[in-house]
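Data first, discussion second: the structure below is written as structure tokens.
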Amino acid sequence: MGKEAYLQLLIEHKNNILPRNHPISITIERVGKRIFHAAGKFAKENNLDYFDTNNVTFTVVDSDQANAFVLPGNHVFFLTGMCRYARTEDEIGGILGHEMAHNLARHLGEKMSSSAVVSILAALSLFVDPSGSFFIIFMPAATILSSLPHSRELELEADGIGMRLAAEACYDPEALSHVFQRMDDASKEGSDNNLTNKPPEFLSTHPSDESRIKDMQKWLPEDKRIFNIAKKSKYPSIPSSSL
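As structure tokens, then:
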């Protein structure tokens with residue numbers, strides 16, 4: 001599934017994909033490889049045998065959208081609009097760590113399983129009430145009560161694992177909170193059309209930025225400890241730079 005989606009996205013965005021020698025592409029690949037190495041280490045330590053530690057691709061798309069994601073098979077996509085919020089290599093490391101964490105934890109499969117359960121229950125509701133009246137009421141409620149809280153839980157888990165990956169890769173784990181703070185500020189100011197009119201947390205698949213930042217502060221002491229150890233032993237010649 002990951003390979004098919006990857007090839008389809010390459011076709012859809014072929015006119016907007018930055019070349020590998022573009023400065024942003026070079027930065028994303030450099031940071032991404034370090035995150036991927038940390039993800040491989042995490043997978044081995046936690047016996048995640050399904051995680052492919054040998055193959056990864058990086059695709060940078062010129063777009064106003066602030067987004068990044070990793071498809072199954074470790075196909076990393078970074079949309080340049082994210083540079084408005086992730087401005088340093090530490091911050092990019094946090095974002096890529098978060099997205100790689102979704103792959104490590106198999107979150108896409110969990111989301112699909114959750115959707116399948118809701119679909120089965122919806123089918124049963126039609127069996128009970130062929131008129132479909134109950135279905136019309138049931139589906140929105142079922143989505144809110146099951147899918148959305150579960151999605152928020154997955155996002156928080158990805159934040160925690162992502163910060164750990166960033167620290168292991170010698171990127172400041174605190175930097176991810178800076179990205180979410182900028183997004184939160186832009187949303188409140190209405191300065192980014194992609195972030196305005198965000199739904200309240202209980203109706204969102206993502207936790208609120210304020211909620212995420214609070215959780216990050218809880219995890220930070222241990223991740224900072226790992227980061228400080230990594231600074232002494234890994235990548236000593238690669239400084240953190242700004243895009």
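Residue numbers for the sequence shown follow full-length UniProt numbering, beginning at 1 and rising by one. By construction, the Cβ of each residue, glycine as well, lies at the ideal position given by its N, Cα and C atoms.
For a test of the three-state rule: what should DSSP assign to residue i, helix, strand or coil?
i	result
Thr53	coil
Ala169	coil
residue 245	Because residue 245 is not part of the residues shown, which for the chain are 1 to 243, the question remains open.
His98	helix
Ile105	According to the sequence displayed, residue 105 carries Ala and not Ile. Coil.
Ser233	helix
Leu79	strand
Ala39	helix
Ala86	coil
Leu220	helix
Ala5	helix
Ala68	strand
Just to confirm before moving on: does the CB-CB distance between residue i and residue j stay below 9 angstroms?
i	j	result
Cys170	Arg87	no
Leu79	Val56	no
Ser156	Asp215	For clarity, residue 156 is Leu in the given sequence; the question names Ser instead. Against a cut-off of 9 angstroms, the Cβ pair of Asp215 and Leu156 comes out as a contact.
Ala158	Tyr85	no
Val70	His102	yes
Lys3	Gly73	yes
Ala39	Thr27	no
According to the neighbour-count rule (16 or more other Cβ atoms, all chains shown, within 10 Å of its Cβ), is residue i buried or exposed?
i	result
Glu174	buried
Asp64	exposed
Leu7	exposed
Tyr50	exposed
Ser233	exposed
Arg20	exposed
Ile11	exposed
Glu99	buried
Ile137	Because the pLDDT at Ile137 is just 47, under 50, the model does not fix this residue reliably, and the value given afterwards should be weighed accordingly. Ile137 is exposed by the Cβ-count criterion.
Glu189	exposed
Glu29	buried
With a CB to CB cut of under 7 angstroms and the five nearest residues on each side skipped, what residues in its chain are close to residue i?
i	result
Ile213	Ser177, Phe180, Gln181
Ala167	Pro173, Asp223, Ile226, Phe227, Ala230
Trp219	Gly160, Met163
Ala5	Leu71
Among residues of its own chain, excluding the 5 on either side of residue i, which ones have a beta-carbon nearer than 8 angstroms to its beta-carbon?
i	result
Gly81	Ser63, Asp64, Gln65, Ala66, Asn67, Asn194
Phe42	Leu48, Leu104, Ile161, Arg164, Leu165, Glu168
Glu91	Tyr85, Ala175, Leu176, His178, Val179
Ile17	Leu10, Thr59, Val60, Val61, Asp62
Lys44	Thr53
His22	Val60
Arg106	Tyr50
Ser25	Leu18, Pro19, Phe58, Val60
Let me check you understand the geometry: is the CB of residue i closer than 8 angstroms to at least one non-hydrogen atom of the ligand FMN?
i	result
Glu99	The ligand FMN is absent from the structure shown, which contains no ligand whatsoever.
Which residues in the same chain as residue i place their Cβ atom closer than 6 angstroms to its Cβ, once the five residues preceding and following it in sequence are excluded?
i	result
Gly32	Phe58, Val76, Leu96
Asp192	Ala186
His13	Val61
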